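Going down the list, the protein sequences come from chains A and B.
Going by the working numbering, the first residue of the first sequence is number 1015, and it counts up by one from there.
Going by the working numbering, the first residue of the second sequence is number 24, and it counts up by one from there.
Everything below concerns the one structure shown next.
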Amino acid sequence: MPDRLTYVIVVGAGKVGFYLSRHLLEAGYEVALIEKDPARASLVAAQLGSCSVLVGDGDETAFLATSGIERADVVAAVTGDDEDNLVACQLAKRQFRVPRTVARVNNPRNVQLFHQLGVDVAVSATELILGVIETGLAGHGDFLHMPISGSESSVVRVTVPVGPAVGRQAGEIAELSQERILLLVRDGRELPLDTPLQAGDQIVMFTQRPAADFMLEEPVLLSPAAR
Amino acid sequence: MGSTLAKDLARDGHDVAVVDVSRGAFDRLGKDFPGKLVLGSGIDQEVLEQAGAANADCFISVTNGDNRNIMSAQVAREIFNIPRVMTRIYDPIRERVYREMGLYTYCPTVVGAAIARTFFDSGPEEADRARHSVAASGASGGA
């Protein structure tokens, strides 16, 4: 049992930051939400209640120090500006040794760049939606599903979220879920299946279950539940 | 600062491209500016490509946004492998962090405060000397 809640700092209280914080709070995380605009911050604070909403710059180091960032487990920078999200994550990582940084990326071309520049997970809504439209695949967050025609079977790609799957072996996950892991990919390279997982790793697996069941019954892998 | 620098470099015969998000900024360069003008954000890889970043020898980011400068400088270095990259960061703490990460950074706040302090301690002549030595090292240091 963890002796304390996982502490997540969310930078940016726009729509993404607001809903993200609300869901994290519901899932039992400790959350601090950082917002530049005082009016937006007080509006969001009234709606979120138990969450501490701090008014300030997510990239202002002096301010970040007051948010208790050095004990944060995750910093998620989800403003509408890629440069602000990048710098918030880099400062969190470099200056405050935050173990996990997650950035919202608005320009899909920046996903690769952010990884290269040390951001642990870069998520592009544009890319996800584009993937769903272009390939006709069913998409659920970072989850991609490729049905094998004429059967219930499919190949599924899952990106390991920050959560309980981190540190475990892909093989363990496979045993739990009774799927066959085909591939573990990190930074574009294939890794042995007994490598301890990191958030952002991609697992490609074969399942004989319908995609909906797979998604619903894969809480260990898919839900970033409290450690 | 960008327009002054661009005109200066162009006058010395360098091949200069200026990137800005606002067309109005190009007016400051004057009608006879010989360099390339690219409308767009300096953090955008396509925009930098258009500006010829793939063949650039030096990249300098001096927008009013620290984070834009920081990000575009890193794109210049990591994506386009531009050998000399310099960026302006107003926030002294952020400047220190990125300097430690290997970017050549310059903080007007720190430089300005140092000159003001020299003026306070030793008067205008010393302050002028400090200013000139900064100008000189800025010109030759060039990252």
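For each residue, glycine too, the CB sits at the ideal point set by N, CA and C.
From a predicted model like this one, the values you see are computed outputs, not experimental measurements.
Distance from I93(B) to Y121(B) at the Cβ level is roughly 6 Å; contact confirmed, criterion being Cβ atoms closer than 8 Å. Within the region 1072-1085 of chain A, the residues whose Cβ lies closer than 8 Å to any Cβ of chain B are, in chain order, D1073, E1074, T1075, A1076.
When only Cα atoms are considered, V1101(A) and G63(B) end up about 20 Å apart. Under the Cβ distance rule, I105(B) does not count among the residues neighbouring chain A, no pair being separated by less than 9 Å. Boundaries for M109(B): no alpha helix (DSSP H) harbours it, while the beta strand (DSSP E) harbouring it runs 107-111, taken from the DSSP string. Relative to the Cα of G1177(A), the nearest Cα in the group P1113(A), D1073(A), E1074(A) belongs to P1113(A).
Within the model, the alpha-carbon separation for I1143(A) versus R34(B) is close to 48 Å.
Annotated three-state conformation of C1065(A) is coil, per DSSP.
For the region 1096-1120 of chain A, the beta-carbon criterion of a distance under 7 Å to any beta-carbon of chain B is satisfied by D1096, E1097, D1098, L1100, V1101, L1105, R1108, Q1109. The beta carbon of E1193(A) sits closer than 6 Å to those of M1219, T1221, all from its chain and outside the five residues before and after it, given in chain order. In terms of beta-carbon proximity, L1131(A) lines the interface with chain B, with at least one pair separated by less than 9 Å. Here the alpha carbons of C1103(A) and R119(B) stand approximately 16 Å from one another. Note that the C-beta distance between R117(B) and D80(B) is not below 9 Å. Closer than 9 Å to the CB of L1211(A) there is not a single CB belonging to chain B. F1128(A) is positioned such that its CB atom lies closer than 9 Å to that of A1117(A). Within the region 71-101 of chain B, G88, D89, N90, R91, N92, I93, M94, S95, Q97, V98, E101 place their CB atoms closer than 9 Å to a CB of chain A, listed in sequence order. Its chain contains T110, I112, E118, Y121, R122 as the residues whose beta carbon lies nearer than 6 Å to that of T128(B), once the 5 sequence neighbours on both sides are disregarded; these appear in chain order. The beta carbons of S1066(A) and A1046(A) sit about 5 Å from each other, so the pair counts as a contact at 8 Å. For the region 1182-1198 of chain A, the set of positions with a beta-carbon nearer than 7 Å to some beta-carbon of chain B is empty. Contacts between I138(B) and chain A, judged by CB atoms closer than 8 Å, are missing: the closest CB pair is about 23 Å apart. With respect to chain B, the C-beta atom of R1123(A) has a partner C-beta closer than 9 Å. In the DSSP annotation of this structure, the continuous segment of the beta strand (DSSP E) that includes E1049(A) starts and ends at 1044-1049. With a cutoff of 9 Å on beta-carbon distance, A1086(A) and A1055(A) are scored as not near each other. Per the coordinates, the alpha-carbon of A139(B) lies some 38 Å from the alpha-carbon of F103(B). By the neighbour-count criterion, in which 16 or more other beta carbons inside 10 Å mark a residue as buried, F1032(A) falls on the buried side. At a beta-carbon threshold of 9 Å, none of the residues of chain A lie near D31(B); the nearest stands roughly 27 Å away. If you look at D31(B), you'll find it in the alpha helix (DSSP H) that goes 25-34. Excluding five sequence positions before and after G146(B), none of the CB atoms of its chain fall closer than 8 Å to its own CB.
An exposed status is given to I1162(A), since fewer than 16 other beta-carbon atoms sit within 10 Å of its beta-carbon. Between V39(B) and K59(B), the CB-CB gap stays under 9 Å. For the set C130(B), F49(B), Q97(B), the Cα lying nearest the Cα of S26(B) is the one of F49(B).
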